[in-house]
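Protein chains in written order, with my numbering: chain A, 1 to 356; chain B, 357 to 670.
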């Protein structure tokens, strides 16, 4: 055990010194979260155009609408406004009549009807705002006032919250595959492995040291990514530590085993890279990292249910979103599926592994 | 092949001994019946071209490969059955000893030291191999010579009785080669045995107490370098420029063989003085100048050529 730990320690030292590798390990997941996080979080505003005479009481109406944060109000000519709404560049245009006649004035709301959801939002938002403006302008006492209040500790289901567990699973896969298949083939190629074999260190001790190093690195980097996502990107997550660690470690073990199988076949580091990509690419896009598996066409879905990453993503996402209670049957299913994969791959890797 | 006959051979067979060792890779007979006896406190060289089976032979002794058949014994230990004894007690520098590139020199020695029960202090090894200035340098920043010294330092970390060096000077500049030779001799002075492979003739001749010439997986001959030359190539050589019109079937006293080697004609003789005198007589009679005449005694290169029929650098 002492020898195994010295190998792990030496590898961790080399890892900390490999700044470039470290940078790329974290750069990609963080970039994914930043880019997609902004996409999902951008607050929704209705693009409302106002067209009508340039001065008079309608200026007050424009001001009233501008005060409501839900609208992005712009003044423009009637013709241009209608053109923009038709093209979908704006959601609706409020056409005000000349303020020569006494109230009530009859304004027309022309909306883009291509997207029914935004159309409904535009109509109801503009008309309910009109009701408020009426109250304010005529000085009547309101009958019912509704005060909105955010529920404390409410969890948004932003896309970032959906993405983060997927990114963690993706990292577990990529780090394990590249870490083991990449470095073991390189060490094989350069004679590093042979030198260790010429010492009393048992081969199992060396490989155990490599596996332990990968697990330590994998867990630390996952923790760091969660911390970045929560602190800087304001992701909301639940962290039931034990079931989460069990799932992630089992997932990493499965991908380490795939890495060992690849390292057993590949003679050089260059030869191992395309194999790693062939293995990881389909899972990266099909196993639910970026979008739910349920959105896939049925024939793909049936394939995806055989992939190990699918179960890792599902388990981690279920636990981190609070959807699955710790050790819930769904978590057990995911863990069981990963376990089956791990055992199968471990058997294959011990058969296929070659020291040179 | 000199087998175990007589007192001295008996002593050496008790130390480190290979008998009829075979190793095949697919259809290739890498090692094809090798017998070797390595004596304590001597420098033993395996000389041969690439692919002769030197490295495979070494790796079988080191416990890295299992022979298909034959025995390897070290004292009372059967190394085929107990390769761990070899890994625990021997010091090994492989042909391509690579270490973790981002580990420092002292950390590398410490890491390997952690695998053994009995070790030499890391500081001692760093001093001894003049790695003091590079103690904190990453392995990836070492020069070829420094890497080589680190590899030998790591080979000594368990204070081994036998040190194996596979092509210790391959790819080094002349100065670095001399340094390696010095440290190999120092190992012998400390009472260790050194087993090294080389395809440099001068290295084998200058460094080794005992030599085995290998080709095609077999040991062709074995002995001390000088004794090997004297036994296999007892004569001397007269070299002439090929412009000298001397016929292949010329008859000169003492002449063994006449060969053409590129721009030279080489006469091998058992009696240098007689042949030289007769050659001078022959030249004067024909009024031919003996351009480029030189004499030399036989070298390992000649022995090797004689044994294998080809030059080492082919």
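For each residue, glycine too, the CB sits at the ideal point set by N, CA and C. Source: prediction; values computed, not measured.
1) Please list the segments of the alpha helix (DSSP H) lying wholly inside the stretch 426-458 of chain B, counting only runs of 4 or more residues, in order along the chain.
2) For the beta strand (DSSP E) containing residue 208 of chain A, name the first residue and the last one.
3) What residues in the stretch 463-477 of chain B bring their beta carbon closer than 7 Å to a beta carbon of chain A?
4) Less than 7 Å between the beta carbons of residue 312 of chain A and residue 181 of chain A, yes or no?
5) Closer than 7 Å between beta carbons: that is the criterion. Which residues of the stretch 179-197 of chain A meet it against chain B?
6) Please confirm if the stretch 385-397 of chain B is in contact with the stretch 336-344 of chain A, defined as three or more CB-CB distances below 8 Å between the two stretches.
7) For residue 400 of chain B and chain A, any beta-carbon pair shorter than 7 Å?
8) Would you kindly check if the distance between the Cβ of residue 537 of chain B and the Cβ of residue 563 of chain B is under 7 Å?
9) With 7 Å set as the bound, which would you pick, yes or no: does the beta-carbon of residue 19 of chain A sit closer than that to a beta-carbon of chain B?
10) Taking a cut of 7 Å between CB atoms, which residues from the stretch 509-535 of chain B lie near chain A?
11) So which residues of chain B does residue 3 of chain A contact, with C-beta pairs closer than 9 Å?
12) For residue 63 of chain A and residue 229 of chain A, what's the separation of their Cα atoms in angstroms?
13) Are any of the Cβ atoms in chain A nearer than 7 Å to that of residue 598 of chain B?
14) Looking only at C-alpha atoms, which of B:605, B:374, B:396, B:405 sits nearest to residue 661 of chain B?
15) I want to verify the contact list: residues of chain B whose CB lies under 7 Å from the CB of residue 268 of chain A, in sequence order.
16) Does residue 443 of chain B have its Cβ less than 7 Å from a Cβ in chain A?
17) Compute the Euclidean distance between the alpha carbons of residue 247 of chain A and residue 417 of chain B, then round it to the nearest angstrom.
18) I think residue 591 of chain B touches residue 624 of chain B, with their Cβ atoms under 8 Å apart; what is that distance to the nearest whole Å?
19) What ranges does the alpha helix (DSSP H) occupy inside the stretch 603-652 of chain B, keeping only unbroken runs of at least 4 residues that lie completely in it?
20) From the beta carbon of residue 453 of chain B, is the nearest beta carbon of chain A less than 7 Å away?
21) Does any C-beta atom of chain B lie closer than 7 Å to the C-beta of residue 220 of chain A?
22) Say whether chain A places a C-beta atom closer than 7 Å to the C-beta of residue 458 of chain B.
23) Mind checking if residue 362 of chain B is an interface residue toward chain A, Cβ cutoff 7 Å exclusive?
24) State whether the stretch 577-588 of chain B contacts the stretch 596-610 of chain B, with contact taken as three or more CB pairs (one from each stretch) at a distance under 8 Å.
25) Candidates B:610, B:605, B:572: which alpha carbon is nearest residue 593 of chain B's?
26) With 7 Å as the threshold, decide whether the Cβ of residue 481 of chain B is near any Cβ in chain A.
27) For chain A, is any of its Cβ atoms less than 7 Å away from the one on residue 368 of chain B?
So, from the listed chains and residues:
1) 439-445
2) Per DSSP, residue 208 of chain A belongs to no beta strand (DSSP E); it is in the alpha helix (DSSP H), 203-231.
3) 463, 467, 468, 470, 471, 472
4) no
5) 190, 191, 192, 194, 195, 197
6) no
7) no
8) yes
9) no
10) none
11) 470, 471
12) 39 Å
13) no
14) B:405
15) Those within 7 Å of residue 268 of chain A in chain B number zero; the least Cβ separation is about 14 Å.
16) yes
17) 45 Å
18) 5 Å
19) 628-642
20) yes
21) no
22) yes
23) Residue placement at residue 362 of chain B cannot be trusted, given a pLDDT of 39 that sits under 50; the coordinates are not used to answer.
24) no
25) B:610
26) no
27) Note that residue 368 of chain B has pLDDT 46, beneath the 50 cutoff, so the model's placement of it is unreliable and the number below is only indicative. It does not; no Cβ of chain A falls within 7 Å.
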